[in-house]
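S.K.:
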Amino acid sequence: MASLTMVDLVGCASTSSNASLDRYLWRKTMHSSVSKRLHGVRGAGRLVTCRCRLDSARCRSISIKSADTRPNGTSEVMLNVKRGQISLAKVFEVVADDLLILNQNLKSIVGAENPVLMSAAEQIFGAGGKRMRPALVFLVSRATAQMSGLKELTTNHRRLAEIIEMIHTASLIHDDVLDESDLRRGKETVHQLYGTRVAVLAGDFMFAQSSWYLANLENLEVIKLISQVIKDFASGEIKQASSLFDCDVKLEEYLIKSYYKTASLVAASSKGSAIFSGVDSSVSESMFEYGKNLGLSFQVVDDILDFTQSAEQLGKPAGSDLAKGNLTAPVIFALEKEPKLRDIIESEFVEEGSLQHAIDLVQRCGGIQRAQELAKEQAVTAIQNLQCLPQGSFRSALEEMVLYNLERIE
Amino acid sequence: MATLVKLVQPPCPMAFTHQPWQQQQAKFGELQRFRLINPMKAAAQSSSPSSVEVSQIKENLYQALQGINRGIFGTTSGKKSEIQELLEQLESQNPTPDPTLNLHKVDGCWKLIYSTISIMGAKRTKLGLRDFITLGDLFQIIDVAESKAVNVMKFNVKGLNLLNGQLAIVASFNIDSKSRVTITYRESTITPDQLMNVFQKNYELLLSIFNPEGWLELTYVDDEMRIGRDQKGNIFVLERSEERTDL
Numbered sequence: 057m058a059s060l061t062m063v064d065l066v067g068c069a070s071t072s073s074n075a076s077l078d079r080y081l082w083r084k085t086m087h088s089s090v091s092k093r094l095h096g097v098r099g100a101g102r103l104v105t106c107r108c109r110l111d112s113a114r115c116r117s118i119s120i121k122s123a124d125t126r127p128n129g130t131s132e133v134m135l136n137v138k139r140g141q142i143s144l145a146k147v148f149e150v151v152a153d154d155l156l157i158l159n160q161n162l163k164s165i166v167g168a169e170n171p172v173l174m175s176a177a178e179q180i181f182g183a184g185g186k187r188m189r190p191a192l193v194f195l196v197s198r199a200t201a202q203m204s205g206l207k208e209l210t211t212n213h214r215r216l217a218e219i220i221e222m223i224h225t226a227s228l229i230h231d232d233v234l235d236e237s238d239l240r241r242g243k244e245t246v247h248q249l250y251g252t253r254v255a256v257l258a259g260d261f262m263f264a265q266s267s268w269y270l271a272n273l274e275n276l277e278v279i280k281l282i283s284q285v286i287k288d289f290a291s292g293e294i295k296q297a298s299s300l301f302d303c304d305v306k307l308e309e310y311l312i313k314s315y316y317k318t319a320s321l322v323a324a325s326s327k328g329s330a331i332f333s334g335v336d337s338s339v340s341e342s343m344f345e346y347g348k349n350l351g352l353s354f355q356v357v358d359d360i361l362d363f364t365q366s367a368e369q370l371g372k373p374a375g376s377d378l379a380k381g382n383l384t385a386p387v388i389f390a391l392e393k394e395p396k397l398r399d400i401i402e403s404e405f406v407e408e409g410s411l412q413h414a415i416d417l418v419q420r421c422g423g424i425q426r427a428q429e430l431a432k433e434q435a436v437t438a439i440q441n442l443q444c445l446p447q448g449s450f451r452s453a454l455e456e457m458v459l460y461n462l463e464r465i466e
Numbered sequence: 006m007a008t009l010v011k012l013v014q015p016p017c018p019m020a021f022t023h024q025p026w027q028q029q030q031a032k033f034g035e036l037q038r039f040r041l042i043n044p045m046k047a048a049a050q051s052s053s054p055s056s057v058e059v060s061q062i063k064e065n066l067y068q069a070l071q072g073i074n075r076g077i078f079g080t081t082s083g084k085k086s087e088i089q090e091l092l093e094q095l096e097s098q099n100p101t102p103d104p105t106l107n108l109h110k111v112d113g114c115w116k117l118i119y120s121t122i123s124i125m126g127a128k129r130t131k132l133g134l135r136d137f138i139t140l141g142d143l144f145q146i147i148d149v150a151e152s153k154a155v156n157v158m159k160f161n162v163k164g165l166n167l168l169n170g171q172l173a174i175v176a177s178f179n180i181d182s183k184s185r186v187t188i189t190y191r192e193s194t195i196t197p198d199q200l201m202n203v204f205q206k207n208y209e210l211l212l213s214i215f216n217p218e219g220w221l222e223l224t225y226v227d228d229e230m231r232i233g234r235d236q237k238g239n240i241f242v243l244e245r246s247e248e249r250t251d252l
């Protein structure tokens with residue numbers, strides 16, 4: 057009898073009666089009787105109000121249908137996300153030591169040769185980065201290591217995490233040059249401090265260094281996997297630049313571009329971690345899918361925030377993606393409903409107030425909502441991809457990563 | 006002790022001294038033109054009140070045209086209306102209501118200073134005219150003897166070689182009425198080859214923007230300036246140019 061796994065994450069108060077508090081999450085495996093009940097409501101947009109024992113605040117529930125290859129039909133994964141706070145620090149607690157070692161190693165890898173590069177490295181690797189990508193590498197590594205009986209992380213695992221962070225950082229340095237940004241994570245960008253030349257060279261150096269370390273891992277599959285990412289970064293930027301202001305852009309193309317720019321790195325690093333743990337290729341593939349869906353969900357959320365966040369934040373330009381002609385998920389959805397939007401975009405917002413008008417249109421015709429749905433669908437798929445992993449703190453942390461991302465738009 | 010500088014209001018509407026054409030290479034190769042007219046010279050050409058008025062309208066026009074890169078890459082509707090009105094004012098003072106009977110007045114080389122054609126949005130991205138290629142001057146060379154008009158669009162490609170080139174569209178024209186001609190496309194060439202490679206994929210798009218085919222109404226012609234309105238509803242404002250263009 058196939059049982060349904062329901063991932064039910066409910067935000068509840070802990071000891072105090074304060075409404076918005078630390079999250080507390082648990083997971084339930086449904087009995088077959090319940091699975092029959094859920095099975096029967098397939099196709100209905102079911103809403104579940106969760107009853108939290110201690111908290112009086114209402115939890116919002118989202119019921120999403122997702123296709124699955126289970127023999128008894130679709131499995132329903134329900135996400136109950138409360139406007140609470142998932143603290144990344146808490147999520148990464150289980151790999152905190154790994155991250156400490158990583159930080160130490162990074163500075164020594166990059167800075168050794170040249171004092172200017174050393175300073176640039178200090179600047180960019182200094183406090184501020186969330187180290188999300190290496191943390192994911194460690195989490196996937198440890199979760200998959202459990203499956204293959206590995207007692208401790210290998211040097212390859214650690215090196216992979218360092219390589220991933222270097223590649224990510226190199227791309228950020230170059231991005232800042234291209235965008236002419238002055239600030240990154242509250243600090244001045246490398247090119248702002250040291251000039252464009254140094255920024256370009258520092259980025260190049262880090263790409264080159266990471267390639268060298270990658271080759272020294274001597275695993276052909278992982279080498280190909282990660283090299284592909286560097287290629288994908290460039291492809292993504294080019295794809296984006298050649299479709300600015302193009303209102304005919306399809307969601308498909310947007311997803312491919314988002315994959316190249318963001319998800320590719322996460323997917324490849326998750327798969328690489330699994331490969332180094334020596335697990336089955338089916339597990340590695342699932343890890344790839346997890347990384348891909350998490351990455352895509354992340355990008356969609358970023359794109360939503362570009363519309364919604366600037367309203368609250370003072371002094372930040374609203375809809376900077378849209379202003380540049382970079383048409384993201386909310387806009388693509390809105391264009392399907394509102395033909396007027398097309399004309400405004402084609403005019404490149406030359407008329408005063410037209411950008412704000414466009415943003416309003418996007419919100420009014422449900423572009424943001426549909427993008428939120430998209431992000432949630434991808435999140436659900438990501439969590440499903442984790443099913444092959446053993447239950448435990450590492451798998452939980454990986455699930456929380458997905459939810460942390462969704463909370464940014466709740 | 007502060008020195009008082011008294012601003013004296015000159016008798017003529019314009020208070021500029023004569024200076025030759027000044028060109029400034031602004032950001033992204035945008036050419037900004039500052040035209041300063043000698044009021045004495047303008048008055049000397051013809052002392053009738055309407056020509057002084059025309060000079061004033063032209064002055065206002067050049068003022069309005071500053072910084073908008075000929076209007077091709079986006080202008081506010083306010084600016085468009087402003088220019089539209091000035092052009093209509095000029096057209097109401099057209100000294101040559103029968104230009105096709107005086108074709109020598111349109112013969113020669115002209116440079117585009119304003120048009121309502123626009124290259125924006127996806128079109129602009131596809132043609133690489135955003136950061137990669139810059140649109141330079143647009144010339145029209147009219148050869149009355151051969152009933153031929155050649156439109157020359159200059160481009161420069163940023164990058165290691167700073168490639169310069171042009172698209173030349175050759176067309177012939179027939180006279181329809183005393184102020185209207187019909188233009189027929191003949192051929193087009195892009196030189197040099199490297200520039201052709203750049204535009205290969207979007208050649209049709211490029212031509213569709215710059216193809217002069219259709220009728221053209223010559224609504225204003227004088228010794229320095231020409232205004233035309235075409236079949237597609239576009240307006241073209243050109244000034245006489247001394248520049249040599251290699252065809």
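First to last, the protein sequences are chains A and B. For what it's worth, our numbering labels the leading residue of the first sequence as 57, then goes sequentially. For what it's worth, our numbering labels the leading residue of the second sequence as 6, then goes sequentially. Heads up, the beta-carbon is just placed ideally off N, CA and C, and yes, glycines get one too.
1. Thinking C-alpha only, which one of A:Val436, A:Leu276, A:Leu158 and A:Asn382 is nearest A:Ile331?
2. Provide the residue span of the alpha helix (DSSP H) that contains A:Ile294, from first to last.
3. Can you tell me which residues form a DSSP beta bridge with A:Arg198?
4. Could you give the DSSP three-state label for B:Lys163: helix, strand or coil?
5. Have a look at A:Ser298 and B:Lys131 and give me their C-alpha separation to the nearest angstrom.
6. Count the C-beta pairs between the stretch 317 to 335 of chain A and the stretch 423 to 432 of chain A that are closer than 8 Å, then say yes if the count reaches three, no if not.
7. Between the alpha carbons of A:Gln447 and A:Ala199, how many angstroms are there, rounded?
8. Which residues in the same chain have their Cβ closer than 7 Å to the Cβ of A:Ile142, if we skip the five residues on either side of it in sequence?
9. Quick one: what's got a C-beta closer than 8 Å to A:Ile165's C-beta in the same chain, skipping five residues either side?
10. Leaving aside the five residues before and after A:Leu307 along the sequence, list all residues of the same chain whose C-beta is less than 6 Å from its C-beta, in chain order.
11. Could you name the residues of chain A that B:Thr4 contacts, counting a contact when the two beta carbons are closer than 7 Å?
12. Return the CA-CA distance between A:Leu162 and A:Glu404, expressed in angstroms with no decimal places.
13. Does DSSP put A:Asn461 in a helix, in a strand, or in coil?
14. Along the alpha helix (DSSP H) that carries A:Ala271, what are the first and last residues, could you check?
15. Using a threshold of 9 Å, state whether the C-beta atoms of B:Thr81 and A:Val406 are closer than that.
16. Determine the closest residue to A:Ile360 out of A:Pro373, A:Lys396 and A:Ala431, with distance taken between C-alpha atoms.
17. I'd like to know whether the C-beta of A:Ala414 is nearer than 9 Å to at least one C-beta of chain B.
18. From A:Leu209 to A:Ala201, what does the alpha carbon distance come to, in whole angstroms?
19. If we count the other Cβ atoms within 10 Å of its Cβ and call it buried at 16 or more, is B:Arg129 buried or exposed?
20. I want to verify the contact list: residues of chain A whose CB lies under 8 Å from the CB of B:Ala69, in sequence order.
21. Using the rule of at least 16 other Cβ atoms within 10 Å of the residue's Cβ for burial, across every protein chain shown, is A:Arg253 buried or exposed?
22. May I ask you to verify whether the stretch 343 to 352 of chain A touches the stretch 319 to 326 of chain A, counting CB pairs closer than 8 Å and requiring at least 3?
23. Following the continuous alpha helix (DSSP H) through A:Lys306, name the residue where it begins and the one where it ends.
24. Starting from the C-beta of A:Lys468, find all residues in its chain whose C-beta is less than 7 Å away, skip the five residues before and the five after it, and write them out in chain order.
25. How do the stretch 159 to 174 of chain B and the stretch 106 to 123 of chain B stand: do at least 3 beta-carbon pairs fall below 8 Å, yes or no?
26. Determine, using beta carbons only, whether B:Gln199 and B:Leu168 come nearer to each other than 9 Å.
M.R.: In short, the structure shows the following:
1. A:Leu276
2. Leu276 to Ala297
3. A:Arg198 pairs with nothing; no bridge assigned.
4. coil
5. 7 Å
6. no
7. 9 Å
8. Arg79, Glu456, Leu459, Tyr460 and Glu463
9. Glu218, Met222, Gln265 and Tyr269
10. Ile388
11. Because chain B spans 6 through 252 in this model, residue 4 of chain B falls outside it and cannot be assessed.
12. 42 Å
13. helix
14. Thr252 to Asn272
15. yes
16. A:Ala431
17. no
18. 7 Å
19. buried
20. Neighbours of B:Ala69 on chain A: none; closest Cβ ~16 Å, over 8 Å.
21. exposed
22. yes
23. No alpha helix (DSSP H) contains A:Lys306, which DSSP labels as neither H nor E.
24. Nothing can be reported for residue 468 of chain A: it is not among the residues displayed for chain A, which extend from 57 to 466.
25. no
26. yes
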